[in-house]
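> So the protein sequences, as listed, match chains A and B. Each residue of the first sequence is one higher than the last, beginning at 7 in the working numbering. Each residue of the second sequence is one higher than the last, beginning at 48 in the working numbering. The beta carbon of each residue, even a glycine, is placed where N, CA and C say it ideally should be. From a predicted model like this one, the values you see are computed outputs, not experimental measurements.
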Amino acid sequence: MSVLAAYQRAMVSLAFAEDDARPNIPGFELYRDMIRARLFEMARLAYTRSFPGLEGCFARYLADQPPASPFIREVIAGFGPYAERESSGLVCSLLRFETAKWQVASLPYPPQQAGELDFEGVLVVNPTLVRVPLEHVVTEDDHAEPHTLLVYRRPDEDGVLWSRLPRVAALLADDAPSRTLSERVAGFFARGGDTPDEDGLTRLADELTLAVERGILLGTTR
Amino acid sequence: MCEGIGLGLRSPIAAPLFDGSAPPALRWLEIHPENYLGSLAYGGSVQFEARGGRYASLLAQARERYPLLTHGLTMGFGALAPFDPGYLRALRALLQELRAPWHSDHLCFSQVDEVYLHDLLPLPLHEEAIGVAVQRIQEAQDALGVAIAVEPISWYVRPPDSPLDEAEFISEILRRADAKLLLDVNNVYVNALNHGFDARGFIDKLPLARVVQLHMAGHHVRADGQRIDTHAAPISEPVYELFDYTMRKLARPLPVLLERDDAFPPFEELAAELTRLDVIYRRALAEQADHRALADRPRALP
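Following this line, the structure appears as structure tokens:
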């Protein structure tokens, strides 16, 4: 290994090794502090609610999985799944929710073509939509039982939104993009998503309407 | 064509740039491409596409109103490994879309093997580092299809095995790679104070004909006196003076950037800094024009 390579690799260890494992390189501690301060600050920003108490976990994350993306926000997004392995209960749900919000904020929203909802058409879904399965309450209007939040962004707005529409979430769980809406609905009732009667259909129709109004579903295409 | 005073596009100070309250001195904006590209949407594969959300709309607004220059944060030219080809392809597409006249990044290393440091680390001042930097710059020029402007960084510790003089190190890299120079005046000042050399003498030794752009920023002074290049404070008086000196040496129009990355003040304070930079910039150019006029004045025959 060349002198230059040895020096550069030593800097990686200095930056990301845990406190008790970092090499002693006189004078360079300032660089460790600067690199880590930036990453910790951004993690606090992304994981506003879940990060307190997870500082040690974040340090282990940096040591185990040093940043592998040129985009610092993507380095931060990798912390949620890592921290889930070391966490339990509400913290896991919070991590999953906050990771989704962080990612959705930056997802591309390419132009979509969709007509009105047609049961013989194929659903066109908001391209930023992420389904987040949760075991615990993370938002005010959540229910305590396991549920799925739909996290998304509208094309002309910056803010990240979320909705709890269990029937729509169940429809979308049927991960076969070419399936028509009527096939998805049939699958939903066959899986016991609701009672297959007029009331069940009405509840599903109401949620579909809400999903369209909120920009979660954009319509269908033939 | 970008000339005069510019500002780094940052989300917290974006609104006044687009609502008509920016000062007349502001002529252009600089962007970090890393803020407008991404890979996460594609399962982490090495495929880069435009980023969506707030940053995408910021970029669209900026393009409507201002000329743009690009300044990277992750392609330190001292990296031992070649740059990621997927990243280069995406960056090239962005630069072409923006019609960037050049792309700048730092003379440092920010990546080692597969790891990104997300900071600017100093290169040892020796022949091996020169060779690596020249190779990386040439690869970037070829891959991106634009000229590369190299920015020497603020550094806080001299890396071991650094027998060369810094100005000679920079000059040699620029000469061999035939690259342009982005001169950060605040970096020169910070380094001069931290390491005890003369800032003006340092600037005198640089190949000023290669300078295509200047950066100006504020820095933090720690309790022990060490200066840290934070871009989170107003420009200090000595840095304004060094800018004046540099502009008189350069004596030609070029883009000058005010970098502010954190601790954002009310926009009026930034506007005042932009205006003050513009006054110094114009005065230096006007005096140069006066000198030329005097030199060109017809003289009476003896």
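1. Which one or two residues does DSSP pair with SER151 of chain B in a beta bridge?
2. For a contact defined as C-beta to C-beta under 8 Å, what are the partners of HIS165 of chain B on chain A?
3. The alpha helix (DSSP H) that contains MET40 of chain A, what's its start and end?
4. Over what stretch of residues does the alpha helix (DSSP H) that includes LEU127 of chain B continue unbroken?
5. So, do the stretch 259-266 of chain B and the stretch 275-287 of chain B have three or more beta carbon pairs nearer to each other than 8 Å?
6. For PRO196 of chain B, count neighbouring C-beta atoms within 10 Å of its own C-beta (all shown protein chains included) and say buried if the count is 16 or more, exposed if not.
7. I want to verify the contact list: residues of chain A whose CB lies under 7 Å from the CB of THR121 of chain B, in sequence order.
8. Which residues, in chain order, does the stretch 195-226 of chain B contribute to contact with chain A at a C-beta distance below 9 Å?
9. Please tell me whether SER112 of chain A and GLY133 of chain B are closer than 8 Å, where the distance is taken between their beta carbons.
10. Who pairs with ASP231 of chain B in a beta bridge, going by DSSP?
11. How is PHE244 of chain B classed by DSSP in three states: helix, strand or coil?
12. Taking only the alpha-carbon atoms, compute the straight-line gap between GLU61 of chain A and VAL157 of chain A and give it to the nearest angstrom.
13. Between which residues of its own chain and GLY55 of chain B is the CB-CB distance below 6 Å, once the five residues before and five after are set aside?
14. Taking the Cβ atom as the reference point for each residue, do LEU105 of chain B and ALA61 of chain B lie within a distance shorter than 8 Å?
15. What are the boundary residues of the alpha helix (DSSP H) that includes VAL110 of chain A?
16. Is LYS107 of chain A buried or exposed, if buried means 16 or more other CB atoms sit within 10 Å of its CB?
17. Report all residues from its chain with a CB closer than 6 Å to the CB of TRP202 of chain B; omit the five preceding and five following residues, and keep chain order.
18. Pull up the CB-CB distance for TYR115 of chain A and PRO161 of chain A, whole angstroms please, since I reckon it's below 8 Å.
19. List the residues of chain A whose Cβ lies closer than 8 Å to the Cβ of TYR134 of chain B, in chain order.
20. May I ask you to report which of helix, strand or coil DSSP gives THR215 of chain A?
21. So, under 8 Å CB-CB, LEU216 of chain A and LEU129 of chain A are touching, yes? Tell me the CB distance rounded to an integer number of Å.
22. Looking at the structure shown, is PHE1 of chain A part of a helix, part of a strand, or coil, going by DSSP?
23. Return the CA-CA distance between LEU255 of chain B and HIS338 of chain B, expressed in angstroms with no decimal places.
24. At a CB distance below 8 Å, what residues from the stretch 96-111 of chain B approach chain A? Give them in sequence order.
25. Can you list, in chain order, the residues of its chain whose CB lies under 7 Å from that of GLN118 of chain A, leaving out five sequence neighbours each side?
26. Given a threshold of 16 other Cβ atoms within 10 Å of its Cβ, counted over all protein chains shown, does THR145 of chain A qualify as buried or as exposed?
27. Residues in the same chain with beta-carbon distance under 8 Å from LEU317 of chain B, minus the five sequence neighbours each way, listed in chain order, please.
28. Could you round the C-beta distance between GLY59 of chain A and GLN71 of chain A to whole angstroms and report it? I think they count as a contact, below 8 Å.
29. Sorted by chain position, which residues of the same chain lie with C-beta nearer than 6 Å to LEU145 of chain B's C-beta, five sequence neighbours on each side aside?
30. When the Cα atoms are used, what is the spatial distance from PHE314 of chain B to GLY192 of chain B?
31. Is the CB-CB distance between TYR163 of chain B and PRO73 of chain A below 8 Å?
32. ARG197 of chain A to ASN82 of chain B, Cα distance in whole Å?
33. Suppose the cutoff is 8 Å on Cβ atoms and the five residues either side in sequence are ignored; what does the same chain contact list for GLN143 of chain B look like?
34. Identify every residue that forms a DSSP beta bridge with SER169 of chain A.
35. Chain A partners of PRO171 of chain B, CB-CB under 9 Å?
36. Classify LEU155 of chain A as buried or exposed, calling it buried when 16 or more other Cβ atoms lie within 10 Å of its own Cβ.
In brief:
1. Here residue 151 of chain B is taken as the residue at index 104 of the second sequence, counted from 1. The partner list for SER151 of chain B (beta bridge, DSSP) reads B:HIS118, B:ALA196.
2. Position 118 of the second sequence holds residue 165 of chain B. Per Cβ cutoff of 8 Å: ILE41, ARG44, LEU45, PRO73, ILE78, VAL81.
3. By one-based count along the first sequence, residue 40 of chain A stands at place 34. Counting along the chain, the alpha helix (DSSP H) containing MET40 of chain A begins and ends at 35-52.
4. Numbered from 1 along the second sequence, position 80 holds the residue referred to as residue 127 of chain B. Note, LEU127 of chain B: premise wrong, no alpha helix (DSSP H); not H, not E.
5. yes
6. For the purposes of this step, residue 196 of chain B is taken as the residue at position 149 of the second sequence. It should be pointed out that residue 196 of chain B corresponds to Ala in this sequence rather than to Pro. Classification for ALA196 of chain B: buried.
7. Position 74 of the second sequence, counting from 1, holds the residue named residue 121 of chain B. Simply PRO76.
8. TYR203, VAL204, ARG205, PRO206, PRO207, ASP208
9. Numbered from its first residue, the first sequence carries residue 112 of chain A at position 106. Numbered from its first residue, the second sequence carries residue 133 of chain B at position 86. No; because the gap between Cβ atoms is not below 8 Å, this pair is not in contact.
10. Position 184 of the second sequence, counting from 1, holds the residue named residue 231 of chain B. B:HIS262, per the DSSP bridge assignment.
11. Along the second sequence, one-based indexing puts residue 244 of chain B at 197. It is coil, neither helix nor strand.
12. To locate residue 61 of chain A, count along the first sequence from 1; it is residue 55. To locate residue 157 of chain A, count along the first sequence from 1; it is residue 151. About 26 Å.
13. Start at 1 with the first residue of the second sequence, and residue 55 of chain B comes out as number 8. Around GLY55 of chain B: GLU77, GLU306.
14. Position 58 of the second sequence, counted from the start, is the residue given in the question as residue 105 of chain B. Position 14 of the second sequence, counted from the start, is the residue given in the question as residue 61 of chain B. Closer than 8 Å, so yes.
15. Reading the first sequence from its first residue, position 104 is the one you call residue 110 of chain A. Where VAL110 of chain A is concerned, the enclosing alpha helix (DSSP H) stretches over 96-110.
16. As a position in the first sequence, residue 107 of chain A is number 101, starting the count at 1. LYS107 of chain A should be labelled buried.
17. To locate residue 202 of chain B, count along the second sequence from 1; it is residue 155. Counting only Cβ-Cβ distances below 6 Å, and skipping sequence neighbours, we find PRO169.
18. The residue you call residue 115 of chain A lines up with position 109 of the first sequence. The residue you call residue 161 of chain A lines up with position 155 of the first sequence. Contact holds; Cβ gap of about 5 Å.
19. Taking the first residue of the second sequence as position 1, residue 134 of chain B is located at position 87. Correct list: PRO76.
20. Against the first sequence, residue 215 of chain A aligns to sequence position 209. The answer is helix: DSSP assigns THR215 of chain A an H, G or I state.
21. For the purposes of this step, residue 216 of chain A is taken as residue 210 along the first sequence, with counting starting at 1. For the purposes of this step, residue 129 of chain A is taken as residue 123 along the first sequence, with counting starting at 1. Not confirmed; about 15 Å, so no contact.
22. What the structure shows of chain A is the stretch from 7 to 228, and residue 1 of chain A is not part of that stretch, so it cannot be assessed.
23. As a working mapping, residue 255 of chain B is identified with position 208 in the second sequence. As a working mapping, residue 338 of chain B is identified with position 291 in the second sequence. Cα-Cα distance, rounded: 19 Å.
24. GLU96, ALA97, ARG98, GLY99, GLY100, ARG101, TYR102, ALA103, SER104
25. Mapped onto the first sequence, residue 118 of chain A falls at position 112. Excluding sequence neighbours, GLN118 of chain A sits near VAL130, PRO133, LEU224.
26. Within the first sequence, numbered from 1, the residue matching residue 145 of chain A stands at position 139. It is exposed - the Cβ of THR145 of chain A has fewer than 16 other Cβ atoms within 10 Å.
27. Along the second sequence, read from residue 1 onward, the residue named residue 317 of chain B stands at position 270. Excluding positions up to five away in sequence, the list reads LEU54, ILE60, LEU305, ARG307, PHE311.
28. The sequence position of residue 59 of chain A within the first sequence is 53, counting from 1. The sequence position of residue 71 of chain A within the first sequence is 65, counting from 1. With a Cβ gap of about 20 Å, GLY59 of chain A and GLN71 of chain A do not count as contacting.
29. Residue mapping note: residue 145 of chain B aligns to position 98 of the second sequence, counting from 1. Same-chain partners within the cutoff: LEU115.
30. What you label residue 314 of chain B is simply residue 267 of the second sequence in a count that begins at 1. What you label residue 192 of chain B is simply residue 145 of the second sequence in a count that begins at 1. If I take the Cα positions, the gap works out to 36 Å.
31. Position 116 of the second sequence holds residue 163 of chain B. Position 67 of the first sequence holds residue 73 of chain A. In this structure, PRO73 of chain A lies closer than 8 Å to TYR163 of chain B by Cβ.
32. Against the first sequence, residue 197 of chain A aligns to sequence position 191. Against the second sequence, residue 82 of chain B aligns to sequence position 35. About 43 Å.
33. Your numbering for residue 143 of chain B matches position 96 in the second sequence. Around GLN143 of chain B: GLY192.
34. For this step, residue 169 of chain A is matched to residue 163 along the first sequence. Beta-bridge pairing links SER169 of chain A to A:LEU156.
35. Reading the second sequence from its first residue, position 124 is the one you call residue 171 of chain B. The answer, in chain order, is VAL9, LEU10, TYR13.
36. As a first step, residue 155 of chain A is located in the first sequence; it is residue number 149 there, counting from the start. Result: buried.
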